[in-house]
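Chains as they are written, first to last, in our numbering: chain A, 23 to 360; chain B, 3 to 569. Idealized CB from N, CA, C, for every residue including glycine. Structure record follows, encoded as C-alpha cells.
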C-alpha cells in the first residue's frame, strides 16, 4: 500500500475543516438575533419568536461567564443583546462605548418610577426587574425565637458565631450588588470595618449561592445571606428554612437589557428590548417560571403571590458600584483568606 | 537518498509545528500577551503595566494559589506515579482474578472528569456528608479537607495516567535481556530492578510528567472542593480573574505565564532523564509480555487488595454519585420512599436537553479523537524518529495543552479564532461547532502524544530504515510498520482522547455556540441549578454510554486484529 505524504496531509486538512461531519444547522446563524442572558432561557426564545416573528438564538451562562464572553469578543462581538442581572457591569460596557445609545422603547412608558431612575442619561440599558441579592434565610431546625437574625447587624452577633454564610462577591454575580450597597452606605473604609465584624464572627464564604443553600440545608451553617430566588426555591422544595426580610431592606440586583453598538440586527434587537418591557410579557415570565421571584419593572405586572409581602429593595447606584468594584472585590478575596 | 529521507522528516516536522502552533501555541500566547498588551485584540497597542507580573507575589490570594498548586502537583506526581506504575507492573507481571478490573478502573477514572470525582468526594466527606451522618465517621471531614487529603483525592483521580503509560510500555518485551540476566545468576528481583525497570523508565517518566501537568492544570477539583474548603490554586485563580467582573485578562495572562513556566521546568527535567540512555530495546526478538499465574492463596490476596483499592478509588466517589442520582433527597437517608428512578426518567423526557447534548458531544468527541490520533501519530513520529531541528519546541507545544487549564485555552481560542480577517477563508470558527472539535483536538494531543511516544520509543529506527531501503514511502512506513507495532497504544490513545473530550467542561462552557448545548454544559447547568439528582443521573448515564462505547470498540478492534493474525 503506497500512501503518499501528500495524501496524509490532505486527510488531516480535510478532517479538520469538515470537523468529521459536524451536523449542519449548528452554530451561529446570521439571520437570527443573538441574546446573551443568565436566566429564563427556557421560555423567552419561543415567546419572542411567537410574538414578533424574529428568529432568536440564546447563549446562557452565569453573569460572569457572559461578561467574560463579551470582553473576549470585543474585537468582533457576536452578541446583539445582553440581558443579565448585573447592572454595574453593563454600565461599565456603556462607559467603554460598547452599547447602542439613545434608544427609547415604546414600552418604557410602563416603567415604575424607581426603575425609570435607573435608566442612564444616554439610554444604554433598560431595567426589566429587580430582586434581592441577599435576604436572611435560616435553618428552622437549628434556630428559633430570639436566636433568629432579624437585621443584617445580627450577622456580627456572638449568638451566631461561626454559623453564618454568604456567597463570594469575587465569584457569585449577585453577591457583589449585595455587599456594594453596604459600602455605598458606609463608605469604603467603614464598609471594610462592617464586614470585618462579620468575618471576626466566623463568617463562612462559599463560592456561589447554591453552595450557600446546600450548606444551610445540611446544617453546616445556621443562617445565610442568600439570593432571593435561591431562598424561595428552598422553601418551595420543602427544605427546613424560613425567609426573613430585614427591616432596613435587602440590597437589590437589577436585571437590565442592553443592545450592542456593533449589532447588525438593530430592528430585532430593539424589538426584543421593547418586548421585555411589556407588562404582559413580564407577567408571563413570573407566572411561567418557578424561580422568577422578583419585582417586575413595568406597572401592571405583579410579583409571585408568596412574594408580595416582601420587604423593600435597596437600589445601588450603578456608576458608584461600577467604579469601586475591583477594590471591594479584591479586599473581600484577600481578607477572607485570613 | 539521505537528503530525501531528511526532507520527508523535515516536512513532517514543519507540518506538525504548524498544526501545534495553530491549535495550542497561538491561543496560549494570545492569553499570555494580555499581561503586557491588554488591548491588542481590539486594536490598541497601549502597553500594560509590567507590574502585574510581580503582583502574584504581593497579593495574598495569588501567592497562596501559586504555593498550593506547586504542593498539590508535586505531591500527586510523586505518589500518584508510584501507585500507578506499581499497580501497572504488578498487574502485568501476574495473573490473578480481578486483574482486568484494574484496567477498566483506570479507564473509568481517566475519562471521569475531576469535577465529578470531586463532587462525589465532597458528598461523601463534607461535614454533613455520607461519612459523617450515615457511617458515623466524623473525622473523615478534617482528614480529607486538608492539603494532604486533597493530594490523596488527586492521586486517586490522576494515577491512571501513570498506570496506562506503564501498562502500554510493558506490552512488548525483549525476553533475551532478562534471560541473559537470569543465566548470569541474577535473582528474579535483581533482574527486574537492573534490567526490566530501567527499560520502563521512559514510560514511568512520561507517566509522572502527565500526572504532574494534569494536576497543576486541573480546575475541576479545586473548584469543586472550594464549595466546602478554601484551597485556591493557579487555575482556579486564573478562572476567577477571567470570571470576575471587572474581567482581568492581564492578570489571567500573568498567572498563565507562571503556570507555563512551571511546566517548562518540568519538561526540561524530563529531557534530562530521557537523554541519559537509549531505549530502542525492541528487536525482532520482542515477544508479547506473558504474565505468570499466582498461587491460589496469593491470587486471592491480590484480588482482595484490588477490590479494597477499587472500592475506595471508585466506590466512594462514584458510589456517592449513584446514591444521589437514585434518591429524592440525601437528608432523608435510607428510607424506602426516598429511592427513585425519577432522575433518570426525566433525562429521557422529551423536554430534557440530555439526548441532544449527548449526541452533540459524541459527534465532537469522535471527531476530536480521530483527528487527534492522526496528528498525535505524526507528532510522536517526529519526536522519536526524526532529527527535526525544532523537535523540542514540538514536544513543548504538545505538552502545553495539558498543562494549560481549559479555561485559559478557551479564552485563547476566542482571541485567536474570532478575528475578522479569518471570515473570507471560512476560518472564523468562534461561534460555530467545529471550534469545539478543534479545542478537543488540542486537549487530546498531549495525552495521545505521551502514550504514543512511550511505545514508539521502543521501536528501533533500523526497522524503518530497512523498509525505506525497500522503497516504501514515508506514509507507508508509518502505516505498515509503525502503526502495527504501536497498535495497542494508538487504540488506548484514541479512546482516551474520545473519553476526555466528551466531558471537557471548561472549553465547552466558554466556546459552545448559540443553541448548541453539549453534555458537560448540560450537566453543569443542572449542578448550578442545584439539581444534583438530575446532574448525577446525567453524569452516570452519559459516562456509562461512553464507557460502553470504549469497551465495545476496544473489544471489536482486538477481535478483528486477532482474527487478522490467524488468517
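Among the options, nearest to residue i - alpha-carbon criterion
{"i": "residue 256/A", "options": "88/A, 276/A, 110/A and 161/A", "result": "161/A"}
{"i": "residue 170/B", "options": "138/B, 87/B, 153/B and 154/B", "result": "87/B"}
{"i": "residue 155/B", "options": "361/B, 140/B and 315/B", "result": "315/B"}
{"i": "residue 114/B", "options": "96/B, 505/B, 434/B and 552/B", "result": "505/B"}
{"i": "residue 231/B", "options": "129/B, 266/B, 326/B and 244/B", "result": "129/B"}
{"i": "residue 234/B", "options": "147/B, 494/B, 515/B and 292/B", "result": "147/B"}
{"i": "residue 167/B", "options": "479/B, 476/B, 423/B and 457/B", "result": "457/B"}
{"i": "residue 128/A", "options": "299/A, 229/A and 71/A", "result": "299/A"}
{"i": "residue 163/B", "options": "85/B, 305/B and 149/B", "result": "85/B"}
{"i": "residue 151/A", "options": "113/A, 339/A, 285/A and 321/A", "result": "321/A"}
{"i": "residue 158/A", "options": "309/A, 147/A, 146/A and 200/A", "result": "200/A"}
Below-8 Å beta-carbon distance, residue i vs any chain B residue
{"i": "residue 196/A", "result": "no"}
{"i": "residue 311/A", "result": "no"}
{"i": "residue 49/A", "result": "Note on residue 49/A: pLDDT 40, under 50, position unreliable in the model; no value is reported."}
{"i": "residue 359/A", "result": "yes"}
{"i": "residue 275/A", "result": "no"}
{"i": "residue 308/A", "result": "no"}
{"i": "residue 111/A", "result": "yes"}
{"i": "residue 356/A", "result": "yes"}
{"i": "residue 42/A", "result": "Legend: pLDDT at residue 42/A = 41, less than 50; position of this residue unreliable, value from coordinates given subsequently. For residue 42/A, the answer is yes, since a Cβ of chain B falls inside 8 Å of its Cβ."}
DSSP three-state assignment for residue i, whether helix, strand or coil
{"i": "residue 250/B", "result": "coil"}
{"i": "residue 79/A", "result": "strand"}
{"i": "residue 138/B", "result": "coil"}
{"i": "residue 202/A", "result": "helix"}
{"i": "residue 295/B", "result": "strand"}
{"i": "residue 153/A", "result": "strand"}
{"i": "residue 353/B", "result": "coil"}
{"i": "residue 1/B", "result": "Outside the displayed range of chain B (3 to 569) lies residue 1/B, so it cannot be described from this structure."}
{"i": "residue 164/B", "result": "helix"}
{"i": "residue 69/A", "result": "helix"}
{"i": "residue 209/A", "result": "coil"}
{"i": "residue 298/A", "result": "helix"}
{"i": "residue 448/B", "result": "helix"}
{"i": "residue 13/B", "result": "helix"}
{"i": "residue 56/A", "result": "strand"}
{"i": "residue 538/B", "result": "helix"}
{"i": "residue 164/A", "result": "coil"}
{"i": "residue 193/A", "result": "coil"}
{"i": "residue 149/B", "result": "helix"}
N- and C-terminal bounds of the alpha helix (DSSP H) containing residue i
{"i": "residue 348/A", "result": "347-357"}
{"i": "residue 86/A", "result": "85-94"}
{"i": "residue 2/B", "result": "There is simply no residue 2/B to check, as chain B begins at 3 and stops at 569 in what is shown."}
{"i": "residue 337/A", "result": "Unbroken run through residue 337/A: none, as it is neither H nor E."}
{"i": "residue 64/B", "result": "62-95"}
{"i": "residue 120/B", "result": "116-127"}
Residue-level contact to chain A via CB, residue i, 8 Å cutoff
{"i": "residue 469/B", "result": "no"}
{"i": "residue 511/B", "result": "yes"}
{"i": "residue 535/B", "result": "no"}
{"i": "residue 22/B", "result": "no"}
{"i": "residue 4/B", "result": "Unreliable positioning characterises residue 4/B in this predicted model, as indicated by a pLDDT of 47, which lies under 50. A coordinate reading is not provided."}
{"i": "residue 545/B", "result": "no"}
{"i": "residue 307/B", "result": "no"}
{"i": "residue 378/B", "result": "no"}
{"i": "residue 433/B", "result": "yes"}
Residue span of the beta strand (DSSP E) that contains residue i, given as start and end
{"i": "residue 243/A", "result": "Segment: none, residue 243/A is in no beta strand (DSSP E) and carries neither H nor E."}
{"i": "residue 228/A", "result": "226-228"}
{"i": "residue 187/A", "result": "186-189"}
{"i": "residue 138/A", "result": "Per DSSP, residue 138/A belongs to no beta strand (DSSP E); it is in the alpha helix (DSSP H), 135-138."}
{"i": "residue 106/A", "result": "103-106"}
message: Can you pull out the residues from the stretch 80-107 of chain A whose beta carbon lies closer than 8 Å to at least one beta carbon of chain B?
response: 80, 81, 82, 83, 84, 85, 86, 87, 89, 90, 91, 93, 94, 95, 96, 97, 98 and 100
query: At a Cβ cut of 9 Å, what residues of the stretch 242-269 of chain B count as close to chain A, listed as they run along the chain?
result: 242, 244, 245, 246, 247, 248, 249, 250 and 251
message: What are the residues in the stretch 394-421 of chain B lying within 8 Å of chain A by C-beta distance?
response: 413, 416, 417, 420 and 421
field: Near-chain A residues of the stretch 212-231 of chain B (beta-carbon distance less than 9 Å), N- to C-terminal order
entry: 225, 228, 229 and 230
message: Give me the subset of the stretch 128-159 of chain A whose CB atoms are less than 7 Å from a CB atom of chain B, sorted by chain position.
response: none
query: Between the stretch 490-521 of chain B and chain A, which residues of the former have CB atoms less than 9 Å from a CB of the latter, in chain order?
result: 511, 512, 514, 515, 516, 517, 518 and 519
- prompt: Looking at chain A, which residues of the stretch 47-75 of chain B have a Cβ within less than 7 Å of any of its Cβ atoms?
  reply: 61, 62, 63 and 66
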